[in-house]
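K.L.:
In my numbering, the protein residues as written are 2 to 178.
Note that beta-carbon positions come from the ideal geometry of N, C-alpha and C, so glycine has one too.
The structure presented is a predicted model; accordingly, all values stated were derived computationally and were not measured.
Before I ask anything, let me first share the structure, which is written out below as C-alpha cells.
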C-alpha cells in the first residue's frame, strides 16, 4: 500500500512537471513602448463632423506601466471649449499569440469599448479598431497612429473611415513635461 502511495505521488509530480509553465513576465516587446511612460502635454486639432474649422484643444497624457508591467496604461485628458473636458483611458499590450499590439479604449463621450490591434513598425505604431457605434451615428472604424519623433516628443493621429477612405479626426504633437 505504501508503495502504491509513493508511486501515485511520483506520477503526480511527473504530470505537473509536464504541464507547460505560464510565463508571468510581461512580453519583452513592452520595452519598445516604455519611452511613453511619463507626463505629456500637447495641442490637438479636432476635425469634428459639421464644423467648418478644426477646434483647438489643450491636452495632457499620463502614461505608466500597469498590471505588473504587462500593460501601458494611458490616461488622456482634453479641453474641448464649450463641450467641456473629455477623458479617455487606453490599455495597450503586446499579444505574443497574435503577434500584434492590442488596445482597449474607454471614452467619456462614447459608450462601450474601442478594441484595436495593429503593429509597431520602426518608430510608428498603427492600430485599427473593430467597428463600433458612436452615439447618434452608424458603426465606425478608427485608426490611431503614434509616431515617435524622440524620447520626448511624438505625433498623434486619430482617423475614421468614411466611404472606405480614412479621414483625420484628431491630430497633434505631444512633448514630455
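1) On the criterion of 16 or more Cβ atoms from any shown chain inside 10 Å, does residue 176 qualify as buried, or is it exposed?
2) Over the uninterrupted beta strand (DSSP E) stretch that includes residue 160, give me the two end residues.
3) Below 8 Å between beta carbons: does that hold for residue 154 and residue 144?
4) When the distance is taken between beta carbons, is residue 110 closer than 8 Å to residue 119?
5) Quick check: the Cα distance between residue 164 and residue 134, rounded to an integer number of angstroms?
6) State the Cα-Cα distance for the pair residue 46 and residue 140, rounded to the nearest angstrom.
7) Considering only their Cβ atoms, is the gap separating residue 78 from residue 60 smaller than 8 Å?
8) Measuring straight from C-alpha to C-alpha, what distance separates residue 156 and residue 126?
9) Once DSSP output is grouped into helix, strand and coil, what is the label at residue 174?
10) Taking the straight line between their C-alpha atoms, what separation do you get for residue 51 and residue 166?
11) May I have the straight-line CA-CA distance separating residue 142 from residue 115, to the nearest angstrom?
12) Taking the Cβ atom as the reference point for each residue, do residue 75 and residue 88 lie within a distance shorter than 8 Å?
13) Which residue wins for smallest C-alpha separation from residue 38, given the options 152, 124, 106, 54?
14) Candidates 123, 104, 108: which alpha carbon is nearest residue 117's?
P.N.:
The short version:
1) The residue is exposed, with fewer than 16 neighbouring Cβ atoms inside 10 Å.
2) Residue 160 -> beta strand (DSSP E) spans 154-163.
3) Their beta carbons are not under 8 Å apart, which means residue 154 does not touch residue 144 by this criterion.
4) One thing to note: residue 119 has its Cβ no nearer than 8 Å to the Cβ of residue 110.
5) Taking the straight line joining both Cα atoms gives about 16 Å.
6) Rounded to whole angstroms, residue 46 to residue 140 spans 23 Å at the Cα level.
7) Yes, these two residues count as a Cβ contact at 8 Å.
8) Computed Cα separation, rounded: 11 Å.
9) In the structure shown, residue 174 sits in a strand (DSSP, three-state: E or B).
10) Here the alpha carbons of residue 166 and residue 51 stand approximately 18 Å from one another.
11) Straight-line Cα distance between these residues: approximately 9 Å.
12) Contact flag unset, no.
13) That would be 152, whose Cα lies nearest to the Cα of residue 38.
14) Of 123, 104, 108, the residue nearest in Cα terms is 104.
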